[in-house]
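Below is one structure, written out as structure tokens; the observations come after it.
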Amino acid sequence: MMIQAKGLTKNYGPSSVLKGLDLEIPGGQFVAIMGESGSGKTTFLNLLAGLDRADGGSLSVAGVELVGKTKDQLVSFRRDHLAMIFQDFHLLGGLSAFENLLLPLRLSGKTADKERLHRLLAQVGLEGKEHKLPQQLSGGEQQRVAIARALALEPKVLLADEPTGNLDRKNSEAILGLLKGLQQSTGMTLVMVTHSNKAAAVADRLVTLEDGCLL
Ligand SMILES: Nc1ncnc2c1ncn2[C@@H]1O[C@H](COP(=O)(O)OP(=O)(O)O)[C@@H](O)[C@H]1O
Ligand SMILES: [Mg+2]
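So for the sequence shown, my numbering puts the first residue at 90; every next one is plus one.
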């Protein structure tokens, strides 16, 4: 299993958000997670990303058991195995599209083959826009930069938190098609939180968070 959660629990103060969540995701699967606002979708994704820590249970991602790891160990776990995309893109405003791909690679000590980064930007439909700043790009284009940046890291697992939440219908469909195609061609495991039935429909599998557990 690429991802294996068993009896996973997470509390914020007195309120328990995840109450013994179980989930197994084999490598190469595209899973959509749905659930009402406040049901704990982002909380779960942050645990998968090693950005936050569970209170109990076990969680293994790409063969690494995350529960009980130190902050430093979680940092290297993220660098080695994972990439994320977000609803609000999280691009660095002062940097061009190309530099947004380059910087995380440099920071994580990976080789930054510039030709490859240009190919990735072309692959997501941004040929000729490599030197634009995020604020000079549309929402859909910004999300394409974020997707290319994630792929540049060659992650085993890509986590997406409502990646089409800020996009209109046309851009949403384009981004979903792009994600699906890239997931299939790279064989990466993709876990996507979404509100949209249409978005969930492109996934191989749909799970729903309710009452702190997955249905
Ligand atoms: N850092 C935090 N501190 C306290 N409560 C939080 C924190 N993050 C999330 N919560 C609470 O946990 C619950 C689940 O939040 P979240 O995972 O963001 O839900 P979703 O992404 O499904 O909308 C909500 O009630 C939210 O208020
Ligand atoms: Mg959320």
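Each residue gets a CB set at the ideal place from its N, CA and C atoms; glycine is no exception.
Which whole-angstrom value describes the C-beta separation of residue i and residue j, a residue pair presumed to lie in contact below a C-beta threshold of 8 angstroms?
{"i": "F119", "j": "A292", "result": "5 angstroms"}
{"i": "A121", "j": "I174", "result": "Not confirmed; about 14 angstroms, so no contact."}
Mind checking whether residue i and residue j have CB atoms under 8 angstroms apart?
{"i": "Q231", "j": "L148", "result": "no"}
{"i": "S165", "j": "E299", "result": "no"}
{"i": "G124", "j": "Q176", "result": "no"}
{"i": "L206", "j": "L222", "result": "no"}
{"i": "A138", "j": "L247", "result": "no"}
{"i": "A288", "j": "S261", "result": "yes"}
{"i": "L303", "j": "L110", "result": "yes"}
{"i": "N135", "j": "D144", "result": "no"}
{"i": "L268", "j": "L279", "result": "yes"}
{"i": "L97", "j": "G146", "result": "yes"}
{"i": "V296", "j": "E251", "result": "no"}
If we ignore side chains and look at the alpha-carbon of each, how far apart do residue i and residue j end up?
{"i": "A201", "j": "S185", "result": "16 angstroms"}
{"i": "E216", "j": "E243", "result": "20 angstroms"}
{"i": "H220", "j": "L210", "result": "11 angstroms"}
{"i": "I114", "j": "F133", "result": "14 angstroms"}
{"i": "S104", "j": "E204", "result": "49 angstroms"}
{"i": "A263", "j": "L194", "result": "26 angstroms"}
{"i": "G229", "j": "G214", "result": "10 angstroms"}
{"i": "P117", "j": "Q272", "result": "Going by the sequence as given, residue 117 is Gly instead of Pro. Approximately 8 angstroms, taken between the alpha carbons."}
{"i": "N100", "j": "G301", "result": "10 angstroms"}
{"i": "R258", "j": "Q224", "result": "21 angstroms"}
From the DSSP output, read off the bridge partner residues of residue i.
{"i": "D141", "result": "Paired residue(s): none; D141 is not in a bridge."}
{"i": "I264", "result": "Answer is none; I264 lacks a bridge partner."}
{"i": "I122", "result": "V282 and V296"}
{"i": "T131", "result": "In DSSP, T131 forms no bridge with anything."}
{"i": "E154", "result": "S149"}
{"i": "A201", "result": "Its beta-bridge partners do not exist; DSSP assigns none."}
{"i": "V246", "result": "L171 and T278"}
Pocket of ligand 1 (residues with CB nearer than 6 angstroms to any heavy atom), chain order: A Cβ closer than 6 angstroms to some heavy atom of ligand 1 marks a residue here, and those residues are Y101, V106, G124, S126, G127, S128, G129, K130, T131 and T132.
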